[in-house]
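Colleague: Dumping the structure here so I can ask a few things about it.
Protein chains: 2
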Amino acid sequence: MTRDEQQRKAEEFLALHTAPELLVLANAWDVCSARLFEFEGFKAVGTTSAGVAATLGYPDGQRISLAEAVEVVRRIVAQVRVPVSADIEAGYSESVEGVVGSAKAVLEVGAVGINLEDSTGDPARPLYDVAQQTEKLAAIREMSDSAGVHLVINARTDGYLLPSDDPARRFHDTVERANAYRRAGADCIFVPDMGDLDKDTMASLVKEIDAPVNVIAGATTPPLEELEAIGIARVSFGPRPMRAALALVRKIARELRDTGTYAAMTAETLSYAEINEMFADRSG
Amino acid sequence: MTRDEQQRKAEEFLALHTAPELLVLANAWDVCSARLFEFEGFKAVGTTSAGVAATLGYPDGQRISLAEAVEVVRRIVAQVRVPVSADIEAGYSESVEGVVGSAKAVLEVGAVGINLEDSTGDPARPLYDVAQQTEKLAAIREMSDSAGVHLVINARTDGYLLPSDDPARRFHDTVERANAYRRAGADCIFVPDMGDLDKDTMASLVKEIDAPVNVIAGATTPPLEELEAIGIARVSFGPRPMRAALALVRKIARELRDTGTYAAMTAETLSYAEINEMFADRSG
Numbered sequence: 051m052t053r054d055e056q057q058r059k060a061e062e063f064l065a066l067h068t069a070p071e072l073l074v075l076a077n078a079w080d081v082c083s084a085r086l087f088e089f090e091g092f093k094a095v096g097t098t099s100a101g102v103a104a105t106l107g108y109p110d111g112q113r114i115s116l117a118e119a120v121e122v123v124r125r126i127v128a129q130v131r132v133p134v135s136a137d138i139e140a141g142y143s144e145s146v147e148g149v150v151g152s153a154k155a156v157l158e159v160g161a162v163g164i165n166l167e168d169s170t171g172d173p174a175r176p177l178y179d180v181a182q183q184t185e186k187l188a189a190i191r192e193m194s195d196s197a198g199v200h201l202v203i204n205a206r207t208d209g210y211l212l213p214s215d216d217p218a219r220r221f222h223d224t225v226e227r228a229n230a231y232r233r234a235g236a237d238c239i240f241v242p243d244m245g246d247l248d249k250d251t252m253a254s255l256v257k258e259i260d261a262p263v264n265v266i267a268g269a270t271t272p273p274l275e276e277l278e279a280i281g282i283a284r285v286s287f288g289p290r291p292m293r294a295a296l297a298l299v300r301k302i303a304r305e306l307r308d309t310g311t312y313a314a315m316t317a318e319t320l321s322y323a324e325i326n327e328m329f330a331d332r333s334g
Numbered sequence: 051m052t053r054d055e056q057q058r059k060a061e062e063f064l065a066l067h068t069a070p071e072l073l074v075l076a077n078a079w080d081v082c083s084a085r086l087f088e089f090e091g092f093k094a095v096g097t098t099s100a101g102v103a104a105t106l107g108y109p110d111g112q113r114i115s116l117a118e119a120v121e122v123v124r125r126i127v128a129q130v131r132v133p134v135s136a137d138i139e140a141g142y143s144e145s146v147e148g149v150v151g152s153a154k155a156v157l158e159v160g161a162v163g164i165n166l167e168d169s170t171g172d173p174a175r176p177l178y179d180v181a182q183q184t185e186k187l188a189a190i191r192e193m194s195d196s197a198g199v200h201l202v203i204n205a206r207t208d209g210y211l212l213p214s215d216d217p218a219r220r221f222h223d224t225v226e227r228a229n230a231y232r233r234a235g236a237d238c239i240f241v242p243d244m245g246d247l248d249k250d251t252m253a254s255l256v257k258e259i260d261a262p263v264n265v266i267a268g269a270t271t272p273p274l275e276e277l278e279a280i281g282i283a284r285v286s287f288g289p290r291p292m293r294a295a296l297a298l299v300r301k302i303a304r305e306l307r308d309t310g311t312y313a314a315m316t317a318e319t320l321s322y323a324e325i326n327e328m329f330a331d332r333s334g
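Structure, rendered in structure tokens:
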């Protein structure tokens, strides 16, 4: 992919954030899952840091090395044609330079978007200060401008992942961070939650945040058409598809162990031909 | 792992082939699936070449590079404590030296077993000559002896993957190959099939083959306890668990696309804590 092709792909990806239709971004953890989502018609794929970490044997939370995370992105970009957005967690560094380096590394292997979260991983101080986070976002935007590729920055703010006894305050803080991140150069604001972000609050976030809003969907989330109706721009799924797949593998394992049969393994499957077809025209 | 520890693990793995209980070898395609099988109590894990290839974006059939295949084995060995057997297809080479090099490469990253198949990948001449295959097996055994690690060689013979209008001839040829492979140094004989290897034929293979016999289980295979009862020593599953997981991912993708809901994604899942627990004490 030339830099020009990458820039066109980045613009195409950015445009999906302001299109009337909800952008549904499936989260992949390896090349196969990414190709499968593309094959089924998804217009873009993201990576899931927790999923990528697990496939390589790491717990989530920046235990994987940047080089390993980038290598997975490189492989996915090489095999899918839709835009790929890389989850780079909090940028694998405390410093602005380090975070920019991480964003640059995924841009250089062909990603046209990133997720950057404001969680520190430190329970005593769970979120980076707004000033620190906006400095990183602005520096990434500058790097992206210099590179000639508009890296679509999905700035994640994690207040709804933290316990709160003051919902109004949490809402206010999230909106404040979101708009600051937008002013610093973010293209989309991602507000993940643990299942307690209700539809009315989502609609209020859309109203108060001066940018496209990304939410994560799970068991208690309204269906996609309702998310679209209230103005959500982008929805993703984090590691949930990967965890569901793992739960099936566990079920297969337990059935083998406990009853010695193969029902869970054979009820639904992709044929050898179907899997090979997914890769036939892309490799080598 | 020191060479001595590896040799103890290889001996432990070899002993599982002659124990009264059936050895149930789950096939992993990444570190996460390998850890999950170990976590659920499996005594050993194998890799599935088709599964590993797919996760990295290749069709099956030796399109992946040896280095990439070895790297996956290395990662799995580093994270699981049970014996790991590596599927090295036909050895990623036509030459004896090349095939030995592939076996040595996985031994050096800690595998204590290999699968080596006699399929050529060439429809005009689907199986290597017996003399060619036994030369490779003998050379691997010699390499393994020199290394001081008894690499458990699971010699796969692929007659039951080919169409046949002469079942008696196919049976005879399979037994002949199996016993030749055993004499050349194989520890176990793997006879994969496409679902038409019935219980009586399996029992006859066990009787005629002078080595532990490995079959692959699928929808039409008798349950594990029946396999044990007829004297099968080892059962594996190839890419079937991985393909079942992919079929679920496809179902999730299609539900998102067609109805915009999340039932398939959320019906059964592994929690974040469960996944992190699988890796917590192994990484770093």
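Chains V and E are the protein sequences, given in the same order.
Take any residue in the first sequence, note its place counting from 1, add 50, and you have its number in the working numbering.
Take any residue in the second sequence, note its place counting from 1, add 50, and you have its number in the working numbering.
Every residue, glycine too, gets a C-beta built ideally from N, C-alpha and C.
All values reported here derive from a predicted model rather than from experimental measurement.
What are the partner residues of A136(V), as DSSP defines its beta bridges?
Modeller: Taking the first sequence and counting its residues from 1, the one referred to as residue 136(V) is at position 86. DSSP lists I164(V) as partners of A136(V).
Colleague: Could you check what DSSP says for A205(E) in three-state terms: helix, strand or coil?
Modeller: Walking along the second sequence from the start, residue 205(E) turns up at place 155. It is a strand residue.
Colleague: Chain V beta carbons: is any one of them nearer than 7 angstroms to that of C238(E)?
Modeller: Along the second sequence, read from residue 1 onward, the residue named residue 238(E) stands at position 188. Answer no: the Cβ-Cβ gap between C238(E) and chain V never drops below 7 angstroms.
Colleague: Take D250(E) as the anchor and find which of A228(E), T52(E), T271(E) and A234(E) has the nearest alpha-carbon.
Modeller: Against the second sequence, residue 250(E) aligns to sequence position 200. Comparing Cα positions, the closest option is T271(E).
Colleague: Work out the CA separation of D137(E) and F63(E) for me, nearest whole Å.
Modeller: As a working note, residue 63(E) is residue 13 in the second sequence. As a working note, residue 137(E) is residue 87 in the second sequence. F63(E) and D137(E): Cα-Cα distance of roughly 15 angstroms.
Colleague: Starting from the Cα of A60(V), find the closest Cα among I190(V), S135(V) and I259(V) and give me that residue.
Modeller: The sequence position of residue 60(V) within the first sequence is 10, counting from 1. The shortest C-alpha separation from A60(V) is found at S135(V).
Colleague: Please check if any C-beta of chain E sits within less than 7 angstroms of the C-beta of Y142(V).
Modeller: Walking along the first sequence from the start, residue 142(V) turns up at place 92. Chain E contact via Cβ: absent.
Colleague: Are the beta-carbon atoms belonging to L72(V) and E318(V) less than 7 angstroms from one another?
Modeller: Locating residue 72(V) in the first sequence gives position 22, counting from the first residue. Locating residue 318(V) in the first sequence gives position 268, counting from the first residue. Going by C-beta atoms, L72(V) is not nearer than 7 angstroms to E318(V).
Colleague: In its own chain, which residues sit with a C-beta less than 6 angstroms from the C-beta of K154(V), not counting the 5 before and 5 after it?
Modeller: Here residue 154(V) is taken as the residue at index 104 of the first sequence, counted from 1. For K154(V), where only same-chain residues beyond five positions count, the Cβ hits under 6 angstroms are M193.
Colleague: Throw me the rounded Cβ distance for the P289(V) and N77(V) pair, which I believe falls under 8 angstroms.
Modeller: Here residue 289(V) corresponds to residue number 239 of the first sequence, with the count starting at 1. Here residue 77(V) corresponds to residue number 27 of the first sequence, with the count starting at 1. About 7 angstroms separates the two Cβ atoms, so the contact holds.
Colleague: How should S196(E) be labelled, buried or exposed, when 16 other C-beta atoms within 10 angstroms of its C-beta is the threshold for buried?
Modeller: One-based indexing of the second sequence puts residue 196(E) at position 146. Classification of S196(E): exposed, given that the 10 Å Cβ count is below 16.
Colleague: Just the Cα atoms here: how many angstroms apart are R293(E) and S321(V)?
Modeller: Here residue 293(E) is taken as the residue at index 243 of the second sequence, counted from 1. Here residue 321(V) is taken as the residue at index 271 of the first sequence, counted from 1. Roughly 7 angstroms between the two C-alpha positions.
Colleague: Roughly how many angstroms separate the alpha carbons of E147(V) and T98(E), rounded to a whole number?
Modeller: Translated into the one-based positions of the first sequence, residue 147(V) becomes position 97. Translated into the one-based positions of the second sequence, residue 98(E) becomes position 48. Whole-angstrom Cα-Cα distance: 41 angstroms.
Colleague: Using a Cβ-Cβ cut-off of 8 angstroms (strictly less than) and excluding sequence neighbours within five positions of G171(V), which residues of its own chain qualify?
Modeller: Within the first sequence, the letter at position 121 stands for residue 171(V). Taken in chain order, the residues that qualify are G111, Q112 and A140.
Colleague: In the DSSP assignment, what are the bridge partners of N264(E)?
Modeller: What you label residue 264(E) is simply residue 214 of the second sequence in a count that begins at 1. DSSP output for N264(E) lists F240(E) and R284(E) as bridge partner(s).
Colleague: What is the DSSP secondary structure of T97(E), reduced to helix, strand or coil?
Modeller: As a working mapping, residue 97(E) is identified with position 47 in the second sequence. In the structure shown, T97(E) sits in a strand (DSSP, three-state: E or B).
Colleague: If you follow the beta strand (DSSP E) that L75(E) is in, where does it begin and where does it stop?
Modeller: By 1-based counting over the second sequence, the position of residue 75(E) is 25. Taken as a continuous stretch (DSSP letters only), the beta strand (DSSP E) holding L75(E) covers L73 to A78.
Colleague: Nearest to T203(E) by alpha carbon, out of N264(E), L211(E), L255(E) and P213(E)?
Modeller: Stepping through the second sequence from its first residue, residue 203(E) is reached at position 153. The amino acid at residue 203(E) is misidentified as Thr; the sequence shows Ile. When only C-alpha atoms are compared, the closest one is N264(E).
Colleague: Using C-beta distances below 8 angstroms, list every residue in its chain close to V132(E), excluding the 5 sequence neighbours before and after it, in chain order.
Modeller: Sequence index remark: in the second sequence, residue 132(E) carries index 82 (1-based). The answer, listed in chain order, is E88, F92, K93, A94 and V95.
Colleague: Specify the secondary structure class of L86(E) as computed by DSSP and reduced to three states.
Modeller: Looking up residue 86(E) in the second sequence gives position 36. Reduced to three states, the DSSP call for L86(E) is helix.
Colleague: Are any of the Cβ atoms in chain V nearer than 7 angstroms to that of E318(E)?
Modeller: Stepping through the second sequence from its first residue, residue 318(E) is reached at position 268. Judged by the 7 angstroms Cβ criterion, E318(E) is in contact with chain V.
Colleague: I want to check one thing, is the minimum distance from the CB of E144(E) to the heavy atoms of the ligand COA below 6 angstroms?
Modeller: Questions concerning the ligand COA fall outside what the structure shown contains, since it holds no ligand whatsoever.
Colleague: Report the rounded CA-to-CA distance for S333(V) versus N326(V), giving the unit in angstroms.
Modeller: What you label residue 333(V) is simply residue 283 of the first sequence in a count that begins at 1. What you label residue 326(V) is simply residue 276 of the first sequence in a count that begins at 1. Any reading at S333(V) must be qualified, since the residue scores a pLDDT of 46, below 50, and its modelled position is unreliable; no value is offered.
Colleague: Counting only Cβ pairs nearer than 8 angstroms, list the residues of chain V close to L298(E).
Modeller: Within the second sequence, residue 298(E) is the residue found at index 248, counting from 1. Result: A294, A295, L298 and E318.
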